[in-house]
Amino acid sequence: MSARKVMLLGEIGVGKSSLVRRLTLNQFDVDYKPTLGVNIYTYDVPESVLEQPTTLIIWDTDGNMRQSIFRHVYMREASAALIIGDATRPGTLDVMDELGEGFRETFPGRKHGFIINKSDLLAPGEDPPIPPALNARADDITITSAKTGYNVEEAFQRLAIAILRRDQ
Amino acid sequence: MSGPKPDADLTTSQPAPLLSVAHQIAERGVYGLAWLDPDLNVTSRFGPITEALSIGDPISTGLPMLIGYETEIKELTARETSVFNLPSVKLITPEREEPRLNLTVFPDRDSPGYILLIGRVLTASDSDVELTKQMRARLIAEEEVARKSRELAVANAELELANRDLEDYAAVISHDLKSPLRAMRYIADDIEHALKTDAPNEARKALATLKGQSRRMSSMLGALLDYASVGRKSDMVEQVDTKALLTRIVGTMPVPVDFRISIDGDWPILSTVLAPLDIVIRNLIDNAIKHHDRPSGHIVLMGTPAAAGQSTFVFSVLDDGPGISHNHHEAVFLPFRTLSGATEDDASSGMGLAFVRRTIETVGGTINVISDPAKTRGTKFEITWPCELTRDSSGPPSRTNHPMTL
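Sequences listed follow chains A and B, in order. Sequential numbering from 357 applies to the first sequence in the working numbering. Sequential numbering from 20 applies to the second sequence in the working numbering.
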């Protein structure tokens with residue numbers, strides 16, 4: 357079993373904890389609970405997705421750390437990052453692009469994906485207001501809902517596949 | 020302390036009161052110790068908080084948060100100050116939710132290997148957690164308020180623009196459109212008089228004039244309706260090759276034989292709305308030709324793309340016409356204001372530059388007129404145009420969070 361460290365980054369309240377808790381515990385709590393420090397979850401990627409047994413060690417970080425996270429011991433040896441924003445808060449989507457840039461500068465060549473969460477709060481047919489710079493990376497953006505589970509597993513599994521592909 | 024140690028063997032050669040306290044604290048799960056061999060396998064452990072660690076297993080098996088840090092730990096030297104710290108980490112699995120821990124690793128000075136100190140982070144009180152939650156909820160709410168304020172500011176700017184348009188319309192309706200109507204009434208009087216005095220030629224002449232005024236009024240009304248529709252038509256943002264656009268415009272516009280149009284400078288590919296840019300350029304060229312005072316002329320379209328980091332593309336339309344004096348620089352952009360004076364057969368509606376400015380402002384650009392006929396001939400219209408428009412970009416009207424409209 358090989359393990360890969362994946363960081364969850366994003367502004368406070370965008371649903372980082374909700375996403376990983378939906379993924380690993382199949383739980384969703386409507387009440388907001390701030391993450392103080394970092395919480396670590398493990399996720400075994402199903403063999404149907406990756407033949408090579410792989411565990412993601414998922415680091416759910418404190419959104420209050422913002423760009424300082426890149427200088428923190430938490431980030432060392434990260435294989436990849438998922439950068440998360442809230443579909444209903446455009447400011448958090450702008451921050452996604454900044455965090456993506458920070459990650460690329462700190463870990464050149466390592467994989468990162470973007471998640472726009474809380475799609476369940478959008479009106480039917482409504483698109484999240486994706487900033488142009490972020491939109492340019494449209495291939496890496498996954499729209500999810502931690503509340504309903506929509507696309508949550510897919511987002512993590514896509515990243516796992518990308519990490520393994522890069523490492524091969 | 021030296022390792023490897025048997026489990027919980029801290030009783031030898033230590034002062035009894037200190038050991039007693041150490042045991043009491045460890046038994047309460049406040050801290051624990053683990054001894055690691057040079058390959059970071061657990062050789063011994065102390066305290067209930069270390070129960071997840073199995074003797075002989077790699078340390079990362081029981082503490083997966085240490086995966087990836089192995090090299091860094093093995094590089095610790097035997098100096099006293101050489102430590103590895105991983106603060107405030109908490110492991111959550113479907114089976115268990117561990118306490119929040121501070122992990123510290125330092126080299127064992129007495130034998131090869133390392134000592135891991137596991138300290139339990141004192142749990143924040145419920146009131147502290149609640150306070151943090153409230154503060155963050157407030158931050159999120161403030162962010163929402165700021166966003167609403169920005170939207171309100173944009174809406175106000177749009178409203179201001181609409182109010183200005185309304186004032187323009189009021190001026191147009193009350194004054195400019197009255198002019199051809201008044202002329203038509205006088206012409207009707209002339210026709211009546213000609214018929215009474217049996218002067219059919221005069222009547223025919225007056226009828227021709229009447230038709231001319233009618234055409235002029237129709238042209239003005241049509242242009243007014245088009246002007247009013249700017250800002251209401253949806254338009255798609257697309258990649259526009261501005262050089263190709265200019266070539267197409269110049270190739271299809273009716274240009275007098277003795278007029279020359281040159282395309283100069285650099286013209287980029289923009290992510291923008293094609294139709295408005297087309298309207299602006301056509302009207303500016305048309306304006307330069309119509310208001311030229313000589314049978315021949317030269318119009319130059321000059322492109323100056325934005326430097327790195329700038330968000331606007333600047334281009335100019337220059338002509339060698341009579342120029343526009345300073346006191347008319349603003350008036351040329353008002354609806355139905357033609358400086359040359361309209362005649363009955365004048366095809367100009369007087370809306371060209373009003374159209375141009377309104378269209379440019381709608382995409383968040385600007386237009387300036389640079390001309391001083393007292394010094395030299397010619398006029399330069401300098402336009403700034405956003406380099407990138409999207410359906411959802413923020414900024415001035417039409418570069419807001421609303422769908423792109425023009």
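Quick reminder that beta carbons are idealized off the backbone N, C-alpha and C, glycines included. Small disclaimer: the values here were computed from a predicted structure and weren't measured.
Is residue i buried or exposed, if buried means 16 or more other CB atoms sit within 10 Å of its CB?
i	result
lysine 109/B	buried
glycine 331/A	The first residue shown for chain A is 357 and the last is 524, placing residue 331/A beyond what the model contains.
valine 276/B	exposed
aspartate 364/B	With a pLDDT of 41 at aspartate 364/B, under the threshold of 50, the modelled position of that residue is not reliable, and no figure is offered here.
serine 39/B	exposed
alanine 434/A	buried
leucine 141/B	exposed
lysine 167/B	exposed
serine 63/B	buried
asparagine 367/A	For the record, residue 367/A in the displayed sequence is glutamate; it is not asparagine. Under this definition glutamate 367/A is a buried residue.
asparagine 220/B	exposed
Anyone know if the C-beta pair for residue i and residue j falls short of 8 angstroms?
i	j	result
glutamate 89/B	leucine 59/B	yes
leucine 365/A	alanine 437/A	yes
leucine 289/B	valine 259/B	yes
glycine 75/B	valine 61/B	yes
serine 344/B	proline 392/B	yes
methionine 321/B	phenylalanine 334/B	yes
alanine 502/A	threonine 410/A	no
arginine 139/B	tyrosine 50/B	yes
isoleucine 304/B	isoleucine 318/B	yes
alanine 156/B	tyrosine 388/A	yes
methionine 431/A	glycine 441/A	no
threonine 398/B	glycine 316/B	no
serine 107/B	phenylalanine 125/B	no
Expressed to the nearest angstrom, what Euclidean distance is found between the alpha-carbon atoms of residue i and residue j?
i	j	result
isoleucine 68/B	proline 485/A	47 angstroms
leucine 477/A	threonine 500/A	11 angstroms
leucine 196/B	isoleucine 280/B	34 angstroms
threonine 417/A	isoleucine 519/A	20 angstroms
methionine 363/A	phenylalanine 463/A	12 angstroms
threonine 216/B	arginine 235/B	29 angstroms
isoleucine 413/A	glutamine 329/B	41 angstroms
phenylalanine 426/A	alanine 294/B	45 angstroms
methionine 154/B	methionine 357/A	41 angstroms
isoleucine 298/B	isoleucine 379/B	10 angstroms
aspartate 523/A	isoleucine 471/A	22 angstroms
glycine 132/B	tryptophan 54/B	7 angstroms
histidine 468/A	aspartate 496/A	8 angstroms
glycine 384/B	leucine 122/B	56 angstroms
phenylalanine 400/B	valine 351/B	11 angstroms
glutamate 407/B	alanine 327/B	13 angstroms
isoleucine 268/B	glycine 456/A	41 angstroms
glutamate 349/B	threonine 381/B	18 angstroms
Report the neighbours of residue i on chain A: residues whose CB is nearer than 7 angstroms to its CB, in chain order.
i	result
glycine 87/B	Lys361, Arg432 and Glu433
arginine 119/B	Gly393
Just to make sure I have the definition right: I need the residues of chain B whose C-beta is within less than 7 angstroms of the C-beta of residue i. Which are they?
i	result
proline 464/A	Correct list: empty, because the minimum Cβ distance to chain B is about 17 angstroms.
asparagine 395/A	Lys109 and Ile111
arginine 422/A	What arginine 422/A touches in chain B: nothing, since even the nearest Cβ is about 12 angstroms away.
threonine 398/A	Pro83 and Thr112
Could you have a look at residue i and say whether DSSP puts it in helix, strand or coil?
i	result
histidine 348/B	coil
serine 63/B	strand
serine 394/B	Here residue 394/B is lysine; the residue named in the question, serine, does not match the sequence. Coil at lysine 394/B, not helix or strand.
methionine 363/A	strand
leucine 196/B	coil
arginine 377/A	helix
alanine 437/A	strand
glutamate 407/B	strand
tyrosine 205/B	helix
aspartate 496/A	helix
histidine 42/B	helix
methionine 357/A	coil
glutamate 403/A	coil
phenylalanine 459/A	helix
histidine 212/B	helix
proline 219/B	helix
asparagine 473/A	strand
Residues of chain B with CB closer than 9 angstroms to the CB of residue i, please, in chain order.
i	result
threonine 380/A	Ile111, Thr112 and Pro113
Compare the C-beta of residue i against all C-beta atoms of chain D and say whether one is closer than 8 angstroms.
i	result
methionine 255/B	Within the model displayed, chain D is absent; protein chains A and B are what it includes.
Output, in chain order, the set of chain A residues within a Cβ distance shorter than 8 angstroms of residue i.
i	result
isoleucine 159/B	Ile368, Gly369 and Arg445
alanine 156/B	Gly369 and Tyr388
asparagine 104/B	Val429
lysine 447/B	Chain B is shown only over 20 to 425; residue 447/B falls outside these bounds and no answer can be derived.
List, in order along the chain, the chain A residues whose C-beta lies closer than 9 angstroms to that of residue i?
i	result
alanine 166/B	The residue you asked about is not alanine; residue 166/B is arginine in the sequence shown. Near arginine 166/B (Cβ distances below 9 angstroms), the residues of chain A are Arg445, Pro446 and Gly447.
arginine 139/B	Result: empty, since nearest Cβ-Cβ is about 13 angstroms, beyond 9 angstroms.
Interface residues of chain B around residue i at Cβ under 8 angstroms?
i	result
isoleucine 519/A	Under the 8 angstroms cutoff, chain B gives no residues; its nearest Cβ is about 13 angstroms from isoleucine 519/A.
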